[in-house]
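Report on one structure; see the data block that follows.
Residue numbers (the numbering used here), protein chains in the order written: chain A, 1279 to 1717; chain B, 36 to 330; chain C, 68 to 362.
Structure, rendered in structure tokens:
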């Protein structure tokens, strides 16, 4: 009896000793994390520091590659087996990655650790699920709003109240059309409301819209959707409706505005959304919340943000959300999961929010982020009000064939706005081609 | 006895010759030949980059030949080459002649090569800035002359010539330098003889200098045409294949299918077709040039 | 008499041509430098003044890593610091390594193709030329996987590997040159009993320094500006090349514009070494080469 007890104790002590030595000399597991936006790098570095302080057995290395190279680099790394363990994912890409078995289904882990998904803004978490599998937890969101040149606004005599309550419809453009007409200026000093306005010699356009792809996120989306139209029969449903009369009417309205000289022609704006806005050759633009910093830092005139105009069924704004996914080739899935869990936590997301670059997906963090922007004297409530409004936000459908659809629609819009195709006919043909992809 | 000794000597001779080739052969086989054959294999599969590759025989090729986008890419690329090569070569020839006149001042040599020193990506971005229809400096100059600004990269008519123009700008100095180097072999007496004969500068050039330059021009043309068919960076950055599909060159078609469409098998098949096209054109050029060689 | 009149008549158009050439070639380069000294705010305000309204050195400070994230972000740059000197050193190392090695081994192969005899010589040379025509995408992924399997990812060797032993262009270029060298000296050396290696190293190479230097300069610059391959093979900061590092100044969002100021400052700094190399060796390149092109 005695011998057994002592032997057990000896074995126990030996094991403990070995474990202690093991833990002390154990190499921390390195988790590679990738993101593309360098503006968010300082925020995530702070989050990583906080995480590593709480989890000394894990080391986080952050790798940043710009948007242009991010996905190609990621795919090549996946093929070669050197992909990062955790990476920032995008709704347009996750379906493909999931279909090809490159991202881990974290639903079992979410259930096991009882992760609370109700802390996020409604609807965001579900976007990352498909057929009961989950590929990421939402970490931030963005919306689209109007960006206005305050200097020109004052010159032309438009009140903030007017801008905050713009109406729009595809027939006569509502008060929105009147406002962009007023903001337009021709060579001779006439604005768009004057009968002498010369559309061929415009020095300042009321509104700038870049050429569009299938989403039209910063182009037509807010307008088209405010007519009650949606791209397909549902977020996960692949029956496209680009040939719907409401959509055709919306695009036709844009074309009319270009002809009238209130919206800049396509040739001038292919470069970027803001080519004409920052040189003050356009007074208003529609852009996303991730560009807030850009406009505030690079415009040498005061800028303000307003909600999207009220259409026939109300205000609409496209929203998008990012999440972090775990690569299936990751060798330390448990540690990767702990990092992902932390990234998706209210604490981490609020930290990111305080850097004032993105809006965190957790409801509680949104106010903190707003406050952070206010502290830098930026009023970005237009974006947050749209995000938290009733039924104002919508997501682009999460489907396959994203690249082909984008290609078909981009080329179709190019044709329409370059005058090489009539709106209804081109859209009908394009829609047929798009739906044929899903047969 | 004599026979075998001679044979052995010959073998040793061959072996020592091969010694010169071997290092480059290793590089060639490992980094060029093997990937090429691997690519050939992939072109007969449906590999989607991230999954398993399944054999589909000639399906990719059949679909390619029926693909309107593919043929558009081929056409558009030919359009690019036809804009780029003649203009670039003629200008390069002109520059080389100028350099000869100036007895090659180092300043000029340094100046004309600088465009080539820019990385492709930066040159394309720079072009975007300079050619912008609203705020680009080139159009500011055009407006100052009282003319209407041109939307170089955003109209279907001007986009491809503009891309060709950008690359001509980038490579004309470098090409000129190679031609100039080749001109060094032509003695100055040739120029003088032509002048005394009463021939104008141009006829002298055409009848005498040009034929002597044929070998260099051949090298330059073969390498530029091959490079031209593979244009990518400029298009990817300056026009992204647009407007509509006016600049959707074949390499852009390939990259889009490979990395965005996950159709690696399909894209590789297109690469193989491009390869065949280039081999055909390349060796045709070599044959034609060889026939006209003079010395 | 006639030639003097000729000369005077053609002087004005000649000078005009030179001036136009210099303006067209150098104006965009001037624009790079001009943008590098302009704040992003001014650039985005669409100013195309020839000289910036408010010249600044902040872009250079940002590129060289002398600025903190906050200020960097406010100036329209990314929040990331770049270790410019480190990346510059990496590029210098890799480019030099590749240049020396590639020129050496390609010269050996070129000599064999030009002068030595062995079975299959011309067929092999044709194969080398064909490698010029393989679209690069075919080679990128297989080579990436190979380099990874060799354990050379994120090493200088991995980045240099595909071009280390040869490129078809280099072998082609040198073989054409070697064909044109006067055989007598070589034959004399052979008669004297020298072996192939000795003839190559003591006779042919010294005679070809000009051409070798030309190729070396071209190889160095091509390797310096390489982007796609070093991007995927050399991600790690310790081996990252300058062109890849400058990618951070490109657009970070889809459909966005670059950090112009930072990009142009980085580009200006990146051109300096290549321009210096070219100027230093430029003289050697154009002095008396007898380039013979095809045979």
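Cβ atoms here follow ideal geometry from the backbone N, Cα and C, with glycine treated the same way. A quick note: this is a predicted structure, and the numbers were derived from the prediction, not measured.
query                                                                                                                                                                            : result
For chain C, find out if any of its Cβ atoms is closer than 8 angstroms to the Cβ of residue 128 of chain B; answer yes or no.                                                   : no
For a quick check, are the C-beta atoms of residue 1720 of chain A and residue 1413 of chain A less than 8 angstroms apart?                                                      : Since the first and last residues shown for chain A are 1279 and 1717, residue 1720 of chain A lies out of range.
So that I know if they touch, is there some Cβ in chain B lying closer than 8 angstroms to that of residue 243 of chain C?                                                       : yes
Flag residue 150 of chain C as yes if its beta-carbon sits less than 8 angstroms from any beta-carbon of chain A, otherwise no.                                                  : no
Scan the segment 1350-1377 of chain A and note each continuous beta strand (DSSP E) run of 3 residues or more that stays entirely inside, going in chain order.                  : 1364-1367
Short check: CB of residue 1307 of chain A to CB of residue 1340 of chain A, under 8 angstroms?                                                                                  : no
What are the residues in the segment 1357-1387 of chain A lying within 8 angstroms of chain C by C-beta distance?                                                                : 1357, 1358, 1359, 1360
Under 8 angstroms: do the segment 275-286 of chain C and the segment 64-79 of chain B share three or more Cβ pairs, one atom per stretch?                                        : no
Report the rounded CA-to-CA distance for residue 317 of chain B versus residue 299 of chain B, giving the unit in angstroms.                                                     : 26 angstroms
Quick one: what's residue 80 of chain B bridged to in DSSP?                                                                                                                      : B:90
Pop quiz: residue 1548 of chain A and residue 1309 of chain A are said to be a contact at Cβ under 8 angstroms. What is the actual Cβ separation, rounded to whole angstroms?    : That pair is no contact at about 40 angstroms.
Between the segment 114-130 of chain B and the segment 207-214 of chain B, can you find at least three pairs of beta-carbon atoms closer than 8 angstroms?                       : yes
Are any of the Cβ atoms in chain B nearer than 8 angstroms to that of residue 1562 of chain A?                                                                                   : no
Nearest to residue 109 of chain C by CA position, among C:248, C:340, C:334, C:326, is which residue?                                                                            : C:326
By the three-class DSSP mapping on this structure, what secondary structure does residue 1394 of chain A have?                                                                   : coil
Would you list, in chain order, the members of the segment 102-127 of chain C that have their beta-carbon closer than 7 angstroms to a beta-carbon of chain A?                   : 107, 108, 111, 112, 113
Taking only beta-carbon atoms, is residue 155 of chain C less than 8 angstroms away from chain B?                                                                                : no
Using DSSP's beta-bridge definition, name the partner residues of residue 51 of chain B.                                                                                         : Residue 51 of chain B pairs with nothing; no bridge assigned.
Flag this pair as touching only if the segment 100-108 of chain B and the segment 208-217 of chain C have three or more C-beta atom pairs under 8 angstroms; answer yes or no.   : no
Keeping to the same chain, check which residues put their C-beta closer than 7 angstroms to that of residue 119 of chain C; ignore five residues upstream and five downstream.   : 101, 104, 105, 109
By how many angstroms is the C-alpha of residue 1605 of chain A removed from the C-alpha of residue 1679 of chain A?                                                             : 21 angstroms
Could you tell me how far apart the beta carbons of residue 201 of chain B and residue 273 of chain B are, in whole angstroms, since I believe they sit closer than 8 angstroms? : 7 angstroms
Using a C-beta cutoff of 8 angstroms, does residue 320 of chain B count as contacting chain C?                                                                                   : no
For the candidate residues A:1423, A:1358, A:1415, A:1305, whose alpha-carbon lies nearest to that of residue 211 of chain C?                                                    : A:1358
Does residue 90 of chain B pass the burial test, meaning 16 or more other C-beta atoms within 10 Å, or should it be called exposed?                                              : exposed
Is any heavy atom in the ligand GTP found nearer than 7 angstroms to the beta carbon of residue 1329 of chain A?                                                                 : With respect to the ligand GTP, the structure offers nothing, as it holds no ligand at all.
Taking residue 1439 of chain A as the reference, which of A:1685, A:1582, A:1637 has the closest Cα?                                                                             : A:1582
Would you grab the beta carbon distance between residue 1601 of chain A and residue 1416 of chain A for me? Rounded to a whole angstrom, and I think it's under 8 angstroms.     : 5 angstroms
How would you label residue 1443 of chain A, buried or exposed, when you count the other beta carbons within 10 angstroms and need 16 or more for buried?                        : exposed
Counting contacts by CB-CB distance shorter than 8 angstroms, is residue 136 of chain B in contact with chain C?                                                                 : yes
Could you check where the alpha helix (DSSP H) with residue 206 of chain C kicks off and where it finishes?                                                                      : 203-216
Please report whether the beta-carbon of residue 110 of chain B lies at a distance below 8 angstroms from any beta-carbon of chain A.                                            : no
How is residue 67 of chain B classed by DSSP in three states: helix, strand or coil?                                                                                             : helix
Which residue marks the beginning of the beta strand (DSSP E) containing residue 1427 of chain A, and which one marks its end?                                                   : 1422-1427
If I follow the unbroken beta strand (DSSP E) through residue 1603 of chain A, where does it start and stop?                                                                     : 1598-1604
Around the Cβ of residue 143 of chain C, are there at least 16 other Cβ atoms within 10 angstroms (buried) or fewer (exposed)?                                                   : buried
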